[in-house]
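Below: one structure, written as C-alpha cells.
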Amino acid sequence: MSLIEKHDDAVRVRFAPSPTGHLHVGGARTALYNFLYARRNQGVFVLRIEDTDAARSTRESYEGILRGLRWLGLEWDEGPDVGGEYGPYVQSARGVLYHSEADRLMREGKVYRCFCTTEELDAARVEQEAKKLPPKYTGTCRDLTPSEIDEKLARGLPFVVRFRMPSEGDVRFRDVIRGDFSFANADLDDFVCIKSDGRPTYNYAVVVDDGHMKISHVIRGDDHISNTPRQVHLFNALGYRLPKFAHLPMILGHDKTRLSKRHGATSVDSYREQHYLSEAMVNYLALLGWSYDGKRELFTLKALIEAFSLKRVSSNPAVFDLGKMEWINAEHFKTLPPAAKIELVYGVLEEEKLLPPSFEVDLSRPVDLKLVPGKEPVRAEAPAEGIRAYAREIPRIALIIETLGNRLKLLKDVPDLMGYFYRDDYARDEAAVNNHLMTKEASSRLSALAGEFEKLQYFDRASVEETLRGLAERLMIEAGELIHPSRVALTGKTVSPDIFWVIVLLGKAKTIERLRLAAALGARGIAAS
RNA sequence: GGCCCCUUAGUCUAGUGGUCAGGACGCUUGGUUCUCAGCCAAGAAUCAGGGGUUCGACUCCCCUAGGGGCUACCA
175 MSLIEKHDDA VRVRFAPSPT GHLHVGGART ALYNFLYARR NQGVFVLRIE DTDAARSTRE
235 SYEGILRGLR WLGLEWDEGP DVGGEYGPYV QSARGVLYHS EADRLMREGK VYRCFCTTEE
295 LDAARVEQEA KKLPPKYTGT CRDLTPSEID EKLARGLPFV VRFRMPSEGD VRFRDVIRGD
355 FSFANADLDD FVCIKSDGRP TYNYAVVVDD GHMKISHVIR GDDHISNTPR QVHLFNALGY
415 RLPKFAHLPM ILGHDKTRLS KRHGATSVDS YREQHYLSEA MVNYLALLGW SYDGKRELFT
475 LKALIEAFSL KRVSSNPAVF DLGKMEWINA EHFKTLPPAA KIELVYGVLE EEKLLPPSFE
535 VDLSRPVDLK LVPGKEPVRA EAPAEGIRAY AREIPRIALI IETLGNRLKL LKDVPDLMGY
595 FYRDDYARDE AAVNNHLMTK EASSRLSALA GEFEKLQYFD RASVEETLRG LAERLMIEAG
655 ELIHPSRVAL TGKTVSPDIF WVIVLLGKAK TIERLRLAAA LGARGIAAS
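Quick note on numbering: the first sequence equals residues 175 to 703 in my numbering.
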C-alpha cells in the first residue's frame with residue numbers, strides 16, 4: 175500500500191450543524207458518534223458550520239453549539255476556531271470554492287442555469303399537486319440554447335444553477351448501518367445547487383465540502399437518507415471519491431414523535447444548567463441507538479472510545495427517557511472522588527445562594543472529619559478565589575455529602591436535600607408538621623430532648639445517639655417517637671439522612687434552637703385549637 | 001400524491017431459522033432500618049397485525065397498520 179492510498183484511507187469524519195438554534199440532544203448524539211468513530215480509528219474529527227441560510231444563522235447559536243460540544247468533551251481536531259488544512263470551516267466563507275466547482279460542472283454540462291421565477295415554479299407546483307402528480311421541476315430551462323441564455327444574462331435576469339439529473343437509470347449506495355439502497359433517477363429532480371443570491375444549497379455545499387475536506391465517513395441522522403442519492407450524483411459529477419455513509423436513527427419524544435420542545439428539555443444547554451454530569455449525558459446519548467453487548471451500560475467517554483462501533487448502531491428510532499438518564503447520572507456521581515463532589519456541590523450551593531454569611535453554625539468543638547466512619551479525612555484543595563470566605567465550611571460540606579450518600583443523585587436536588595443545613599427558612603412539609611409536631615407529647619418530648627442536649631459536653635454522633643435513646647428509655651417510649659418529631663423539627667420533612675448525623679452536622683446550638691421552636695409551636699398550636 | 005426509513009415488555013436494547021426470547025431503567029412484593037435512599041431477594045411485563053416460505057419462524061418474503069423522513073432558491 176502506498177503512502178497516498180494510506181492517506182486516502184484515513185478516517186475523517188465531521189459534525190456539520192447549522193447555527194440556527196441550540197445544540198439539541200439529537201445533534202449532540204450525532205456529534206458524539208462522529209467523535210467516537212474518529213477516536214476509535216485514530217481518525218480526525220472535523221467541525222464544520224453550515225450557515226448557508228443567512229436569514230436563520232446567528233452568532234449566539236454558533237457559540238452555543240461550540241460551548242455544548244466542549245461541555246460534553248467532544249473536542250474537534252479541525253474547525254472554525256482551531257483551523258486546519260482544509261479550511262475555512264464555515265460555509266459562508268467558502269463561496270469561491272462553490273462557484274469554481276459550479277463553473278467546472280457548467281463547462282461539463284452537468285449543471286445548467288435556470289431563469290424560472292419563484293412565481294412560475296410555485297404555479298407549476300400547485301398545478302402538479304392538483305393533478306396529483308409528484309411535484310417536479312418542469313425542465314423549462316434545461317435545454318435553453320446558448321443564445322437564449324446569453325440573451326437572458328444580458329437582460330440581467332437572476333438565475334439558479336440546477337443539476338442535470340438523468341431521466342433514467344438509478345443510483346446506488348451502501349449504508350454501513352442499513353445496507354444497500356437504490357433510488358430511481360426519475361424520482362429525483364433537477365435540484366438547485368446555487369441559489370439566485372449566489373449561495374450554495376445544502377445538498378451542494380455538503381458534497382463540495384465533504385469532498386474537499388476528504389471526509390471518509392458521513393455519519394448523520396437518517397432524515398438525510400433521501401438526500402443521499404442526490405449527493406451521490408454530485409460526488410460522481412464532481413469526480414470526488416464517494417465517502418461511506420452511516421445514517422443514525424432519530425431520537426423521539428415519549429409520544430414517539432420527533433423530539434421537540436414540548437417534550438421537555440431538548441437542548442444540551444438546559445441539561446448543563448440543571449447540573450447534569452456531562453459524562454452522564456454522553457453515556458446516555460451513546461446508549462440511545464447503540465449498544466455494546468446488550469449488557470454493559472455504564473461507560474466513560476474514554477471507555478466509549480474503546481467500545482464504539484458503527485456496526486452496533488441500531489436502525490430503529492429511540493425514545494428519550496429522562497428517567498434512565500438520571501439513573502446513569504446517579505451512577506456516574508457515585509464514582510466521583512470526594513473532592514470532585516465537594517466542588518460540584520459547592521458550586522450549586524453558591525449558585526442557589528444557599529451560603530448566607532449570617533447563618534452561623536456552632537462547629538467549634540464537635541464536628542470533626544475523623545467522625546466519618548471508615549473514611550480518610552477529606553482535605554479541600556487550596557481554595558480558589560471566592561471559596562476562601564467559606565473555606566471553613568468545606569469540611570462540613572464534605573460530611574453532609576458523606577451523610578447524604580446515595581440520596582444525592584442529582585445535583586439539582588442539592589437545595590432540597592441540603593437547604594435546612596444552611597437556612598432557617600427551609601421548606602416545611604405542612605402535613606408533617608401537623609402530624610408530628612402539633613401534639614402535646616411531641617411538644618414536651620422535644621423540649622425534654624433539647625434540655626438533654628443542652629447538658630452535652632461533646633456533641634458527637636455517639637453522645638447524641640446515646641442521649642436520645644436514653645431519654646426515650648426513661649420516657650418509656652420507642653426511640654422512633656423522639657426521632658420522627660425531631661426530624662420534622664430540624665429538617666421540615668419526614669425524610670432525611672440518619673437523624674444523628676443531621677443533628678451533629680446542624681450543631682448543638684442550631685439543634686436546640688429548632689427543637690425549642692418546634693416545642694413552642696406545638697404547645698401554641700394545641701392551646702389555640 | 002410519489003419515493004424512502006423504522007416496528008422485540010411502559011422505555012433503551014440483546015438476538016441473525018430450533019433460546020424457558022437475555023440485560024438495563026421503571027414498576028410490584030418481601031428483607032435490612034429512625035424515615036427515605038441504598039443494598040439483598042423475588043416478581044409482573046415483549047416479538048404491531050395478517051398471510052406465506054420451511055420439518056420448524058422474533059429471525060427470510062409479501063401485504064396491512066402505525067410512526068418518521070425527503071419531495072424548497074431550509075438544513
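Glycine is no exception: its CB is placed at the ideal position from the N, C-alpha and C atoms. A quick note: this is a predicted structure, and the numbers were derived from the prediction, not measured.
By the Cβ rule, the region 673-686 counts as touching the region 620-637, because three or more pairs are nearer than 8 angstroms.
For I575, the enclosing alpha helix (DSSP H) begins and ends at I568 to L578. Here F209 carries a helix assignment [DSSP, helix/strand/coil]. Ranked by Cα distance from R352, the first of E447, H428, M612 and V487 is V487. Less than 8 angstroms divides the Cβ of A504 from the Cβ of K583. L221 and Y260 have their C-alpha atoms some 11 angstroms from each other. Here the region 455-469 makes no contact with the region 592-607; the two share fewer than three CB pairs at distances below 8 angstroms. In the three-state reduction of the DSSP assignment, A693 falls in the helix class.
Between R432 and M424, the C-beta gap is smaller than 8 angstroms, which places the two residues in contact.
For the pair I651 and G681, the Cα-to-Cα distance works out to about 25 angstroms. Burial check for Y520: the Cβ neighbour count within 10 Å reaches 16 or more, so the residue is buried. When the Cα atoms are used, M455 and D495 turn out to be separated by approximately 12 angstroms.
For G353, the enclosing beta strand (DSSP E) starts and ends at G353 to A358. Just measuring C-alpha positions, the residue of L523, D317, Y632 and F507 sitting nearest G283 is D317.
C-alpha of S356 to C-alpha of E453: approximately 39 angstroms in a straight line. CA-to-CA, the gap between A606 and P659 works out to about 9 angstroms. Secondary-structure assignment with DSSP links V345 through a beta bridge to F357.
In this structure the region 185-195 lies against the region 218-232, because at least three pairs of beta carbons, one per stretch, are closer than 8 angstroms.
With respect to the C-alpha of H407, the residue from I502, V638, V345 and V493 having the closest C-alpha is V345. The three-state reading of DSSP puts W675 in helix, counting H, G and I together. It is roughly 28 angstroms from the alpha-carbon of S434 to the alpha-carbon of S483. Of all alpha-carbon atoms in A460, V493, P491 and A492, the one lying nearest the alpha-carbon of A477 is that of A460.
Cβ contact annotation for I323 (same chain, cutoff 8 angstroms, sequence separation greater than five): R287, in chain order. Counting along the chain, the unbroken alpha helix (DSSP H) around K515 starts and ends at P512 to E525. Closest by C-alpha distance to S390, out of G427, F347 and D183, is D183. An exposed status is given to P320, since fewer than 16 other beta-carbon atoms sit within 10 Å of its beta-carbon.
Y263 places its beta carbon less than 8 angstroms from that of I223. Taking each of G438, R394 and P417 in turn and checking the Cα distance to G201, the smallest one comes out for R394.
For P511, the number of other beta carbons within 10 angstroms of its own is below 16, and it is reported as exposed.
The region 656-674 makes contact with the region 689-699; the number of CB pairs closer than 8 angstroms reaches 3 or more. Setting aside the 5 residues that flank it on each side, P417 is surrounded in the same chain by D384, I389, S390, H391 and V392, each with a C-beta closer than 7 angstroms to its C-beta; the list follows chain order. Taking the C-beta atoms as reference points, L585 is found nearer than 8 angstroms to H449.
Within the region 418-460, the runs of alpha helix (DSSP H) at least 4 residues long that lie entirely inside it are, in chain order, 442-447. S618 and D587 have their C-alpha atoms some 33 angstroms from each other. F333 is positioned such that its CB atom lies closer than 8 angstroms to that of F289.
Contact annotation: L578 and A492 have beta-carbon atoms that are not nearer than 8 angstroms.
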